[in-house]
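Below is one structure, written out as structure tokens; comments come after it.
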Amino acid sequence: MGTEALQRLVEIANDPYGRLADLRKRKKVIGSTLADVPEELIYAAGLHPFLILGTNEPISHSAALLPDNSCSLARSNLELVVGYEGDFFDGFVFSQVCDTTQHLSDIWKRRFPDRYFENFLAPRQVDRPSARDWYAQECRRLRKELEKYAGREISDEDLWQSFRLYNENRSLLRTLYNIKQEVPALMTNRTFFDVVKATFFMDREEHNRLLQEVVDWAQGEKGRYEDQDGYFKLIVGGIVVEPPNIYDLIDEARGNIVGDNLCTASRYIYHDVDVDGDPAEALADRHLRKPHFSPINEDVKRIYTDLLDLYREKGAETIFYVHIKYCESQDYDLPDIKKRMREEGIPLLELETEYQTTHIAHAQMKTRLQAFCESVLGRT
Amino acid sequence: MSEKVQEKKSAKELNKILTGEYLQDARTAHEHGKYIAYTTAVSPVELFVAHDIIPIYPENHAVACLTKRMGAKLSQVMENRGYTSHLCAYARSDLGYRVTGESPMGGIPDPDFNLACNAQCFTLTKWFEVLSRAYNVPIFVFDTPQWIRDPEARKEIVKYCVQQLKELVAALEELTGKKYDYDRLREVIKYSRDASLLYRKFLDMAAYKPSPISIFDALIHMAITVYLRGTPQCVDYYQTLCDEVQAKADQGIGVVENEQFRLYWENLPIWFKFRDHFNLLKSYGANILSSLYIHAWSYEFDCDKDPLETLAENYVSVFSNVTLEERAEMALDLFQRYSMNGSLMFVNRSCKAVSFAVYTLKDVITEKTGYPALIFESDMGDPRFYSETQIKTRIEAYLETLQGRAAQVA
Ligand code: SF4
Ligand code: SF4
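Protein chains in written order, with the numbering used here: chain R, 1 to 380; chain C, 381 to 790.
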């Protein structure tokens, strides 16, 4: 598979938290929770930002702290921090998007009273002008709080530099995503999304360097794999795809993911921050351009229109919707999404999942996916 | 008896009359050129009242369904349509009602507009989004960021909320085609302020020993301030209620004879078990006096401030939107003021917004008060998640522990 750079990125994606402990020897490590914390600010303060993405290991430490009808993303994030005794972070910036995350931040804070801790109160509506003003205001507040913590001023120049670095990262990831879509045989879905995942944990400069190598390699190689035969195009809807072996199942079925609205993919890599004007407003503008995210209110039809647009624009054959069990937000959206897709005659497969998926559940999902590909997509 | 005295209605009678009139108004709203807005129980409803828009609370209607034990049946209808059984029981029964039309009170009118304030919970936003799609009506999410303790941040939060309330006013003007009347809003807020103060006075009567009220009284009487605040009738109602309860307190009449245990309740009630719980507790000389939930409507509007600002400040700072630390302080304040000596902490499957903090809250409360607390999981409206024997045994065991402790002290 590909270059050394690619291998390294994939390795990191599959053991991210161990790496953070190493990084911590050099820099203070500040995590954030999904979604929408402007990591650019954390980076500009000379700190190392990362995105906490839960664990697929069994839940034991956090079982008594959150009821079992909370989503496994929240439970497994809590498991990680409590289980690792906080070894891999110095602090956290919490984004509150739903009831679960709001409480999680309080429980977490009580558990680690000595660590740096900040809420990022992103607007939970992006429907009206007040959302832009508020996002920008929260960026200003976070900037000040980070300055206090880091003991240094964050200049506008620091911010522009950080924006440029992150823009470059997003741009490289988009390029790679396009190549993967064009030439699915070159790179599996799993590999591509692992590369994206690695960026959530790594030093951005290092990621950019490795990523550039991967993109150069992919550009050079793609001519050898022009043939798209045997693949079907699909859109993936949802928040996160976990455990990542769901991508493996899609790869086995020869599905080519050509679009998504995931927090851990398009919502993260699409759209850049403008590198002029007021930095907080520039971040707010990027925020408002992102794809729809279930817990954030806006035009109520976007729960399906985003997916429909992607489906048509990309000429996909089907939509897979990854549903995290006990995610209330998705629970409320799904029946209407399914209904609309039925009306449109678009085949949709719901994949209900948990971070702690058992082998049996995985095998069942595999069977369902295969059956769907055979009977609905007519693939053998 | 003079004629005047005969005319004076009791709070209970008034409750019935006011509810009847309110529903009648709502059902004939369109005939009178008025609009119907669905809203969440904690929301700046004063903006509607001052603009001839009748607020309807799907949550209240859901409570009626759950109390009449229709929860499981209505939920199953929705489960068959792809909704899961772990959503809030209010939402499940409301959506079930939309499909079946089944209601213990003849239903509620359909909305022209939906307002969801997320200070209470985030669930309501998603539930109302479903309704907005179904009825093809606008939804306005009044987004209230968590009321974190940093004073500078609070100022900015209020600004954001005020800005949104201006956006809401513009949306209401668009809906009705009428210019907004701020003088009328001021007047409405004054009524809300007075009613809220009286409502709080009523709740605070739990401080008397023995207490002339229980949480079950509060749960019945809170309905009026939820849906009629901002009106003079609501003020009169709570005045009448306070007078009645005060008279009981003056005579030393408590709801529980030989009151021994004065308990705090965490969370919403288990609606369909409400009476059974009251009777069980009573047999042990125990009474549940209060909870943060019923205090969610004791607002303190400041009529000298800009009306939108005082609305924003009150609605953003409700107990379900403060930090866990502050919420624990609020609960401890009730504990102290009402001299409580135990707590029943209910983890309500339906309500993540209130429940997810309860485990941690229990630790804080037991640590700070020195009294043991009982924690148990169930659902406020769905009997399928309520285990009768298990919960009854646990409550009894808990009360016996309290008795044991009391005997030791004595
Ligand atoms: S939005 Fe859904 S998946 Fe994300 S934390 Fe909330 S409940 Fe969990
Ligand atoms: S019970 Fe809880 S989840 Fe349900 S509507 Fe009320 S606050 Fe929201």
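Backbone N, C-alpha and C define an ideal beta-carbon position, used for all residues, glycine too. Since we're looking at a predicted model, the values are computed, not measured.
Is residue i close to ligand 2? I mean its beta-carbon at under 6 Å from any heavy atom of the ligand.
i, result
"Cys468(C)", "yes"
"Gln330(R)", "no"
"Gln500(C)", "yes"
"Cys98(R)", "no"
"Ala370(C)", "Any question about residue 370(C) goes unanswered here, given that chain C covers just 381 to 790."
"Ala733(C)", "yes"
Just reading off the alpha helix (DSSP H) that residue i is part of, what are its end residues?
i, result
"Ser455(C)", "451-459"
"Leu672(C)", "672-675"
"Tyr415(C)", "Looking at the DSSP string, Tyr415(C) is not in any alpha helix (DSSP H); the run it does join, the beta strand (DSSP E), is 415-419."
"Pro16(R)", "16-23"
"His441(C)", "438-447"
"Leu51(R)", "From DSSP, Leu51(R) is part of no alpha helix (DSSP H) but of the beta strand (DSSP E) over 48-51."
"Ser375(R)", "359-375"
"Val606(C)", "595-608"
"Lys772(C)", "768-789"
"Asp563(C)", "562-584"
"Asp630(C)", "612-630"
"His287(R)", "279-289"
"Trp160(R)", "156-182"
Quick check on the burial criterion: 16 or more other C-beta atoms within 10 angstroms. Buried or exposed for residue i?
i, result
"Arg204(R)", "buried"
"Leu398(C)", "buried"
"Glu411(C)", "exposed"
"His359(R)", "exposed"
"Cys373(R)", "buried"
"Lys388(C)", "exposed"
"Met381(C)", "In this prediction, Met381(C) scores a pLDDT of 44, lower than 50, which makes its location untrustworthy; the coordinate-derived value is nonetheless stated afterwards. That one is exposed."
"Val376(R)", "exposed"
"Ala363(R)", "exposed"
"Asp99(R)", "buried"
"Ser678(C)", "buried"
"Pro58(R)", "exposed"
"Gln631(C)", "exposed"
"Asn178(R)", "exposed"
"Asn14(R)", "exposed"
"Pro113(R)", "exposed"
"Asn460(C)", "exposed"
"Glu768(C)", "exposed"
"Val479(C)", "exposed"
"Lys384(C)", "Because Lys384(C) carries a pLDDT of 49, less than 50, the predicted location of this residue cannot be relied on, and the following value inherits that uncertainty. Lys384(C) should be labelled exposed."
Taking the beta strand (DSSP E) that residue i belongs to, which residues open and close that run?
i, result
"Asn119(R)", "116-120"
"Thr318(R)", "318-324"
"Glu646(C)", "641-646"
"Glu352(R)", "348-353"
"Ser758(C)", "753-758"
"Pro763(C)", "Segment: none, Pro763(C) is in no beta strand (DSSP E) and carries neither H nor E."
"Phe520(C)", "519-522"
"Ser32(R)", "29-32"
Comparing the CB of residue i with every heavy atom of ligand 1, is any distance shorter than 6 Å?
i, result
"Leu504(C)", "no"
"Cys327(R)", "yes"
"Ile107(R)", "no"
"Phe73(R)", "Reading the sequence as shown, one finds Leu at residue 73(R) and not Phe. Answer for Leu73(R): yes, Cβ within range of ligand 1."
"Pro291(R)", "no"
"Ile674(C)", "no"
"Thr447(C)", "no"
"Ile324(R)", "yes"
"Pro295(R)", "yes"
"Thr357(R)", "no"
"Thr55(R)", "no"
"Ile239(R)", "yes"
"Thr175(R)", "no"
Looking at the C-beta of residue i, does it have a partner C-beta in chain A at a distance below 7 Å?
i, result
"Gln96(R)", "In summary, chain A is missing from the structure at hand, where the protein chains are R and C."
Complete runs of the beta strand (DSSP E) confined to the region 723-751 of chain C [at least 3 residues]
none
Segments assigned beta strand (DSSP E), at least 3 residues, entirely inside the region 474-512 of chain C
493-497
Could you name each continuous beta strand (DSSP E) segment of 3 residues or more that falls completely within the region 100-151 of chain R, going from the start of the chain to the end?
116-120
Beta strand (DSSP E) runs wholly inside the region 189-256 of chain R, at least 3 long, in chain order
232-238
Extract the residue ranges of the alpha helix (DSSP H) inside the region 47-96 of chain R, only unbroken runs of 4 or more that lie entirely within it.
72-83
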